[in-house]
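Participant: Here it is: the structure, laid out below.
Number of protein chains: 2
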Amino acid sequence: MAYLNLTSKFNDHLSNVNLMDYAFSISSIHRFLEEAVDEPTGWLYAPLNMTNEETDGILALAREIVENADVLVVIGIGGSYLGARAVKEALSPYFKKHSNGIDVEFVGQNLSGTYIKQLIESLQNRNFYINVISKSGSTLETSIAFRVLRHYTRERYGENCKERIIVTTDSEKGLLKEIADIQGYRQLDIPSNIGGRYSLLTPVGLLPISVAGIDINQLLNGSYQAMIDLNEADLEKNAAYRYAVLRYELYSHGYQVELLASFEPSLVFIHEWWKQLFGESEGKEKKGLFPASVTYPTDLHSLGQFVQEGNPLLFETFLHFKCFEEDYSVPFTELDDDYLNFLSNRTFNDINAISEEGTVLAHAEGGVPIIQIELEKLDAFHVGYLIYFFMKACAISAYLIDVNPFNQPGVEVYKTKITDLLNEETITN
Amino acid sequence: MAYLNLTSKFNDHLSNVNLMDYAFSISSIHRFLEEAVDEPTGWLYAPLNMTNEETDGILALAREIVENADVLVVIGIGGSYLGARAVKEALSPYFKKHSNGIDVEFVGQNLSGTYIKQLIESLQNRNFYINVISKSGSTLETSIAFRVLRHYTRERYGENCKERIIVTTDSEKGLLKEIADIQGYRQLDIPSNIGGRYSLLTPVGLLPISVAGIDINQLLNGSYQAMIDLNEADLEKNAAYRYAVLRYELYSHGYQVELLASFEPSLVFIHEWWKQLFGESEGKEKKGLFPASVTYPTDLHSLGQFVQEGNPLLFETFLHFKCFEEDYSVPFTELDDDYLNFLSNRTFNDINAISEEGTVLAHAEGGVPIIQIELEKLDAFHVGYLIYFFMKACAISAYLIDVNPFNQPGVEVYKTKITDLLNEETITN
């Protein structure tokens, strides 16, 4: 019994995809990835390389934060934001605080004056810790937010402020590391050979996720299991490689957009994390599938029309969890004036799954190629498994279209423009 | 001085778009829309047709809810959900309650058992009203959620529950209207000639928005102003028509995705509303631009790479507000160990605007065609203006690609599948 099942429903002209046509190229990429010691592929063995001491250190720090703060403010952007946010949202309650009573807020991922002003106001009567996360230590958005929060932490806690600042940065170099060394802030290391969007299973993701009351040991166990399962060179036995091949096949046939679809609203930031992972890894040299996402049934009453009958440029990847901790039954009513008593022996999750089944049938009938990823339960273990699955599939996908999965040269262009504009205006002023 | 400015930066092969080539077709569509009394075009004059009595009624009801409840639960999906949610999020504080102390929660837009169970639990110690919204009165997701909430309202308030249930539905027909008539629930009317995704400026959007403490008179004033400004047949003078023509021109040149980009995170549900409006209006007969969205700078560290250098299938539409009620200054520090003192005379919103300017330059340099929509201030008036602008532009856009802006035949396919599956399983059980 597999932890993750991958199936597909393709329309006629694709139904005879022969996976075996890819056997050789996939096993070459597999070997290349294994042996690419000069590439930032540390994430491949991150679940193995996290020592018990390191995990215990994070757990102890998380306990300290929960005991001494009402809120943890996480400062980061991109890979230093989306992973932690994704797992936290996926596994947190919808309408109440985390079970340990703490809030986790994110900042530094935007430059809104309204946002940061209201964040600082919201901290006035609450105790807090801050966790600033940046691999390079020089990202503008993160640095500015850290300046504000550091300044405010000093105002609030005076000399004791150092206790409340945790720095997650490169283990060897960078401006943030220098600052932390000099100021004596506690540091968590990001391994040098792991890039931002592949860093979820390092302290980058693990501290905020642990503070949010989520079992990081289970998360790591799930990713460890995936590491074992998905290190199989044989395409037939490796779901991550099959996913990479199926989406490549669709891309080769002219499909330009991959639409990731889920039926559970808490997964919306898993979608966002996935969009960064694939978009930033594949979107270069004028290539790549454009990654977009929908949360159904909400978006069945929105983009659903487009998917069913619009411009046929997309395929859909359904992400489905079979079991959930909680559920709710449709009540029986004597009156039955809404004619729904035929559902009164059913639960919402049950009806939701049927809604997904109907949607897959409808869209397949409309000619949309469909990939389905199914996991047993929405819990830390399976989310950890999924994270590793997507990272492995993404690296393979990028190599299949012959681009480097680990760089992001295009991001530098806007950074340079902004720095130039800021310096220019400062000189003028 | 215009309330909304529309400009564009196109790369070489598009730089000589001659708007006048469209003068005749646009004025024909303009006239057709004016005269199309059999089409559901009531939204064209909705800002005019809302009487003072109707607005005052909504305001009085909103006051009653705020006085007697801690939370308003809004039940709806699609057009009966996204509009209210979009305006509420755009104009609400980030980290605190609305100024009037009430919460507004949404349900019926998903079928998650976890979500509805936790929503009901969150209501245990709070007083609430419910506002169920459905044009047809028979949408499955809405109906099931209404059954649960109605049942719970009776449990909590007994015979008095009727006072706490507000029904927004078609003024003339439908199952929800029948139920409301028989049970004596208070009703707000959706005009028969306004469809779901064009209904924001009717009681569908106005009651929840008003309860959230947002000035609906200003919202309506803004949309009224847009109605006047954008009823100009002359393309040069009509920003909505120019937007429709520019995006059509890009579509004709092979661009397949329109990426709506903003730099203020509170606009994320304006994006979602826009995606529904355009996706459901244009996505039929194998046609249409696929609508996607990004919130920058967050997504500069995500999809930004793809936009800059990836598959060149997209163009960007930047949505920009110039002024905000609140802002925050970068503090000066003696130490300056982060080398950011050169920004210490600047505010976040100022730096955010420069970040937008740099992004536009970078993406234009990367060959991405860019449309810019600029409004003076993020407030109810300008949001009202924007809403009308997009609706008018959307109807014109759909007619330009020769599809009906007001139907959604594809949505029926999945509805039928789900109903069949549910009935089947019920019979089997």
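Protein sequence lines correspond, in order, to chains A and B.
Mind the numbering: the first sequence is residues 1 to 429 in our numbering, read in order.
Mind the numbering: the second sequence is residues 1 to 429 in our numbering, read in order.
Cβ coordinates follow ideal geometry from the N, Cα and C atoms, glycine included.
#1: Sorted by chain position, which residues of the same chain lie with C-beta nearer than 8 Å to A:Pro409's C-beta, five sequence neighbours on each side aside?
#2: Pull up the distance between the alpha-carbon of B:Gly310 and that of B:Gly184, whole angstroms please.
#3: Just to check my reading of the structure: B:Leu375 and B:Tyr3 have Cβ atoms closer than 8 Å, yes? What is that Cβ distance to the nearest angstrom?
#4: Compute the Euclidean distance between the alpha carbons of B:Leu340 and B:Leu267, then round it to the nearest angstrom.
#5: Just mark B:Asn131 as buried or exposed, buried being the case when its beta carbon has 16 or more other beta carbons within 10 Å.
#6: Just to confirm my understanding: we take A:Ala240, look at its own chain, exclude 5 residues before and 5 after, and list those with CB closer than 6 Å. What are they?
#7: Between the Cα of B:Ser25 and those of B:Leu400, B:Ile165, B:Glu424, B:Ile418, spot the shortest distance and give me the residue it belongs to.
#8: Could you check where the alpha helix (DSSP H) with A:Tyr129 kicks off and where it finishes?
#9: For chain D, check one thing: does any of its Cβ atoms lie closer than 9 Å to the Cβ of A:Pro203?
#10: By DSSP, does B:Cys161 sit in helix, in strand, or in coil?
#11: In chain order, what residues of the region 373–390 of chain A put their CB closer than 7 Å to some CB of chain B?
#12: Taking just the CA atoms, how far does B:Ser138 sit from B:Ala145?
#13: What does DSSP give as the partner residue(s) for B:Phe106 in the beta ladder?
#14: So for A:Glu374, helix, strand or coil by DSSP?
#15: Going along the region 295–306 of chain B in order, which residues come within less than 9 Å of chain A, judged by CB to CB distance?
#16: Give a yes or no on whether the minimum CB-CB distance between A:Asn429 and chain B is below 9 Å.
#17: In three-state terms, what does DSSP make of A:Thr333?
#18: What are the boundary residues of the alpha helix (DSSP H) that includes B:Thr359?
#19: Between B:Val411 and the rest of its own chain, which residues show a CB-CB distance below 7 Å, the 5 nearest in sequence each way excluded?
#20: Are the C-beta of A:Lys275 and some C-beta of chain B separated by less than 9 Å?
#21: Going by beta carbon distance, what residues of the same chain come within less than 7 Å of A:Phe238, once the five residues before and after it are set aside?
#22: Any C-beta of chain A sitting closer than 9 Å to the C-beta of B:Val87?
#23: I'd like to know whether the C-beta atoms of B:Gln458 and A:Tyr414 end up nearer to each other than 9 Å.
#24: Using beta-carbon positions only, say whether B:Phe290 and A:Phe306 come within less than 9 Å of one another.
#25: Please list, in chain order, all residues of the same chain as B:Glu272 whose beta carbon is under 8 Å from its beta carbon, the five residues on each side excluded.
#26: Shorter than 9 Å from the beta carbon of A:Pro208 to some beta carbon of chain B?
#27: Mapping the DSSP letters down to three states, classify B:Phe442 as helix, strand or coil.
#28: Taking the C-alpha atoms as reference points, what is the distance between B:Phe10 and B:Ala364?
#29: Determine, using beta-carbon pairs with one atom in the region 345–355 of chain B and one in the region 159–166 of chain B, whether at least three such pairs fall under 8 Å.
#30: Take the Cβ of B:Glu431 as the centre, count every other Cβ of all protein chains shown within 10 Å, and call the residue buried at 16 or more, exposed below.
#31: How many angstroms separate the CA atom of B:Gly76 from the CA atom of B:Gly108?
#32: Are any of the Cβ atoms in chain B nearer than 9 Å to that of A:Ile431?
#33: Pick helix, strand or coil for B:Tyr414, following the three-state DSSP scheme.
#34: Could you tell me which whole beta strand (DSSP E) segments of length 3 or greater appear in the region 153–223 of chain B?
#35: State the DSSP-derived secondary structure class of A:Lys322, mapped to helix, strand or coil.
#36: Between which residues of its own chain and B:Ile166 is the CB-CB distance below 6 Å, once the five residues before and five after are set aside?
Facilitator: This is what the structure gives:
#1: Mapped onto the first sequence, residue 409 of chain A falls at position 409. Result list for A:Pro409: Lys284, in chain order.
#2: Here residue 310 of chain B refers to the residue found at position 310 of the second sequence. Here residue 184 of chain B refers to the residue found at position 184 of the second sequence. So the alpha carbons of these two residues sit roughly 57 Å apart.
#3: Here residue 375 of chain B is taken as the residue at index 375 of the second sequence, counted from 1. Here residue 3 of chain B is taken as the residue at index 3 of the second sequence, counted from 1. About 7 Å; that satisfies the 8 Å criterion.
#4: As a working mapping, residue 340 of chain B is identified with position 340 in the second sequence. As a working mapping, residue 267 of chain B is identified with position 267 in the second sequence. Answer to the nearest angstrom: the Cα atoms are 28 Å apart.
#5: By one-based count along the second sequence, residue 131 of chain B stands at place 131. Its Cβ being crowded by 16 or more others within 10 Å, B:Asn131 is buried.
#6: What you label residue 240 of chain A is simply residue 240 of the first sequence in a count that begins at 1. Around A:Ala240: Leu230, Phe389, Lys392, Ala393.
#7: Here residue 25 of chain B is taken as the residue at index 25 of the second sequence, counted from 1. If we check each option's Cα against that of B:Ser25, B:Leu400 comes out closest.
#8: Here residue 129 of chain A is taken as the residue at index 129 of the first sequence, counted from 1. A:Tyr129 -> not in any alpha helix (DSSP H); beta strand (DSSP E) instead, spanning 128–134.
#9: The question asks about chain D, but that chain is absent: this structure's protein chains are A and B.
#10: On the second sequence, position 161 is the one that residue 161 of chain B refers to. DSSP places B:Cys161 in helix when its eight states are reduced to three.
#11: none
#12: The sequence position of residue 145 of chain B within the second sequence is 145, counting from 1. The sequence position of residue 138 of chain B within the second sequence is 138, counting from 1. Spanning the two alpha carbons is a distance of roughly 12 Å.
#13: Taking the second sequence and counting its residues from 1, the one referred to as residue 106 of chain B is at position 106. According to DSSP, B:Phe106 bridges with B:Val74.
#14: Your numbering for residue 374 of chain A matches position 374 in the first sequence. Three-state DSSP puts A:Glu374 in a strand.
#15: Thr295, Tyr296, Pro297, Thr298, Asp299, Leu300, His301, Ser302, Leu303, Gly304, Gln305, Phe306
#16: Residue numbering aside, residue 429 of chain A sits at position 429 when the first sequence is read from its first letter. In this prediction, A:Asn429 has a pLDDT of 46, which is less than 50 and means its spatial position is unreliable; nothing more can be read from the coordinates.
#17: Working through the first sequence from its first residue, we reach residue 333 of chain A at position 333. Three-state result, A:Thr333: coil.
#18: Counted from its first residue, the second sequence places residue 359 of chain B at position 359. Unbroken alpha helix (DSSP H) run through B:Thr359: 348–365.
#19: Locating residue 411 of chain B in the second sequence gives position 411, counting from the first residue. For B:Val411, where only same-chain residues beyond five positions count, there are no Cβ hits under 7 Å.
#20: Taking the first sequence and counting its residues from 1, one reaches residue 275 of chain A at position 275. Yes, A:Lys275 counts as interfacial toward chain B.
#21: Position 238 of the first sequence holds residue 238 of chain A. It is Asn, not Phe, that sits at residue 238 of chain A in the sequence shown. Only Leu230, Glu232 meet the Cβ criterion.
#22: For this step, residue 87 of chain B is matched to residue 87 along the second sequence. B:Val87 does not count as touching chain A.
#23: An answer regarding residue 458 of chain B cannot be provided, because it is not within the stretch 1 to 429 covered by chain B.
#24: Along the second sequence, read from residue 1 onward, the residue named residue 290 of chain B stands at position 290. Along the first sequence, read from residue 1 onward, the residue named residue 306 of chain A stands at position 306. Their beta carbons are under 9 Å apart, which means B:Phe290 touches A:Phe306 by this criterion.
#25: As a working mapping, residue 272 of chain B is identified with position 272 in the second sequence. Cβ neighbours of B:Glu272 beyond the five flanking positions: Leu82, Arg85, Ala86, Ser293.
#26: Within the first sequence, numbered from 1, the residue matching residue 208 of chain A stands at position 208. No, because no Cβ of chain B sits closer than 9 Å to the Cβ of A:Pro208.
#27: As shown, chain B starts at 1 and ends at 429. That puts residue 442 of chain B outside it, with no answer to give.
#28: As a first step, residue 10 of chain B must be located in the second sequence, where it is residue number 10. As a first step, residue 364 of chain B must be located in the second sequence, where it is residue number 364. For B:Phe10 and B:Ala364, the distance between alpha carbons rounds to 7 Å.
#29: no
#30: The first residue shown for chain B is 1 and the last is 429, placing residue 431 of chain B beyond what the model contains.
#31: In the second sequence, counting from the first residue as 1, residue 76 of chain B sits at position 76. In the second sequence, counting from the first residue as 1, residue 108 of chain B sits at position 108. Their Cα atoms are separated by approximately 5 Å.
#32: Here chain A has residues from 1 to 429 only, and residue 431 of chain A is not among them.
#33: Along the second sequence, read from residue 1 onward, the residue named residue 414 of chain B stands at position 414. Looking at B:Tyr414 - three-state DSSP - the assignment turns out to be helix.
#34: 165–170, 186–190
#35: On the first sequence, residue 322 of chain A is found 322 positions in, with the first residue counted as 1. Strand, per DSSP.
#36: Position 166 of the second sequence, counted from the first residue, corresponds to residue 166 of chain B. Contacts found: Asn131, Arg186.
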